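Structure first, commentary second.
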Amino acid sequence: MTEAADAQPPLADEPLSWPVVGSAYLHKDDWVVAFRSDTIHRPDHPEDTFRRLVVEDPGAVIVLALDEQDRVVVIHQYRHPVQMRLVELPAGKLDQVGEDPVVAAQRELREEVGLLAREWTHLMTTYASPGITAETHALYLARGLEDIERDFDPHHEEAEMAVSRVPLAELVEAVLDGRVADAPLATAVLAYEALRSRGRL
């Protein structure tokens, strides 16, 4: 058998949609996030129906902003569901229909921490929690940082948000030690480290 015949396609997720026989909203208002119940069945097994709960979410952008001293811009923000003040990266919802994710990332960096970046690199896009939502996280590296005036009026939790810069090496250790546990931050930091070590950045 030839080497070409033995070759396997690259490992990849596979698009697939199982039949939906019923769907109803359990919660929906004027915010971008909604909650629905779907009744589905396995392909070719219409007798085997079951319910799955789905959170509708337009997705988010997350920005790993790295300055010339190899420090990462982080925010410290209270998150009520986990009742903790988490160390996070600047981020925000893709709540403007049709907006390019990198444009949304630029807006969030400006609004949350008052920065512009000259260089933008897409690190990866991941599914946040595919067992319950199709929400994606588009992760970007921002370099060439410049301070600007914030054009955003913070409220609620954001009114108590603090901003700091942390050495990248320290942040990596905090992630690996479990002291910093926000998933988008951990994913972005480790993705950056992996891509850089492979010469892909």
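For reference, each letter of the sequence shown is one residue, going 0 to 200 in numbering that gives the first Met the number 0.
We put the beta carbon where it would ideally sit given N, CA and C, even for glycine.
Values in this document were obtained by computation on a predicted structure and should not be read as measured data.
**Message:** Does Q105 pass the burial test, meaning 16 or more other C-beta atoms within 10 Å, or should it be called exposed?
**Reply:** Here residue 105 is taken as the residue at index 106 of the sequence shown, counted from 1. When all chains shown are included, Q105 counts as buried.
**Asked** In chain order, what residues of the same chain lie with their CB nearer than 6 Å to the CB of V158, ignoring the 5 residues before and after it?
**Response** Against the sequence shown, residue 158 aligns to sequence position 159. The sequence shown places Ala at residue 158, rather than the Val named in the question. Cβ within range, chain order: n/a, list empty.
**Asked** Is L25 closer than 8 Å to P57 when the C-beta atoms are compared?
**Response** The residue labelled residue 57 in the question sits at position 58 within the sequence shown. The residue labelled residue 25 in the question sits at position 26 within the sequence shown. Not closer than 8 Å, so no.
**Item:** Same chain, Cβ closer than 7 Å to P89, five either side skipped, listed in chain order
**Value:** Within the sequence shown, the letter at position 90 stands for residue 89. Excluding five sequence positions before and after P89, the CB atoms of its chain that fall closer than 7 Å to its own CB belong to V62, A64, V72, I74, E107, L108, E111 and V112, given in chain order.
**Asked** What first and last residue would you give for the beta strand (DSSP E) that runs through R117?
**Response** Working through the sequence shown from its first residue, we reach residue 117 at position 118. Here the beta strand (DSSP E) through R117 covers L114 to Y126.
**Prompt:** Alpha carbon to alpha carbon, what distance is there between V60 and V101?
**Reply:** Indexing the sequence shown from 1 puts residue 101 at position 102. Indexing the sequence shown from 1 puts residue 60 at position 61. Taking C-alpha positions only, V101 is separated from V60 by approximately 8 Å.
**Span of the alpha helix (DSSP H), counted from its first residue to its last, around E55** = In the sequence shown, counting from the first residue as 1, residue 55 sits at position 56. Going by DSSP, E55 is part of no alpha helix (DSSP H) but of the beta strand (DSSP E) stretching over T48 to E55.
**the segment 126-135 in contact with the segment 40-56 per 3-pair CB rule at 8 Å** = Under the 8 Å Cβ criterion, the segment 126-135 counts as touching the segment 40-56, having at least three qualifying pairs.
**Message:** Going by DSSP in three states, A133 sits in which element: helix, strand or coil?
**Reply:** On the sequence shown, residue 133 is found 134 positions in, with the first residue counted as 1. DSSP places A133 in coil when its eight states are reduced to three.
**Prompt:** Which value, in whole angstroms, describes the spacing of the CA atoms of V43 and T125?
**Reply:** Here residue 43 refers to the residue found at position 44 when the sequence shown is read from its first residue. Here residue 125 refers to the residue found at position 126 when the sequence shown is read from its first residue. In the sequence as presented, Val is not what sits at residue 43; that position holds Asp. Across the structure, D43 and T125 are spaced so that their CA atoms are roughly 30 Å apart.
**Asked** Going by C-alpha distance, which of A116, D181 and L10 is nearest V81?
**Response** Numbered from 1 along the sequence shown, position 82 holds the residue referred to as residue 81. Cα-wise, what sits closest to V81 is D181.
**Request:** For the beta strand (DSSP E) holding A23, just list the boundary residues, first then last.
**Result:** Translated into positions along the sequence shown, residue 23 becomes position 24. For A23, the enclosing beta strand (DSSP E) covers residues V19 to H26.
**Asked** Which value, in whole angstroms, describes the spacing of the CA atoms of R197 and D5?
**Response** Residue mapping note: residue 197 aligns to position 198 of the sequence shown, counting from 1. Residue mapping note: residue 5 aligns to position 6 of the sequence shown, counting from 1. If you take the alpha carbons of R197 and D5, they lie about 27 Å apart.
**Asked** Quick one, are the C-beta atoms of P14 and H40 less than 8 Å apart?
**Response** Within the sequence shown, the letter at position 15 stands for residue 14. Within the sequence shown, the letter at position 41 stands for residue 40. No, the pair does not count as a contact, with Cβ atoms beyond the cut-off.
**Pick from D29, D28 and F34 that is closest to S22, judged by C-alpha positions** = The residue you call residue 22 lines up with position 23 of the sequence shown. Of D29, D28 and F34, the residue nearest in Cα terms is F34.
**Asked** With 16 other CB atoms within 10 Å as the buried threshold, where does Q95 fall?
**Response** On the sequence shown, residue 95 is found 96 positions in, with the first residue counted as 1. That one is exposed.
**Simplified DSSP assignment, three categories, for E192** = Position 193 of the sequence shown, counted from the first residue, corresponds to residue 192. Three-state DSSP puts E192 in a helix.
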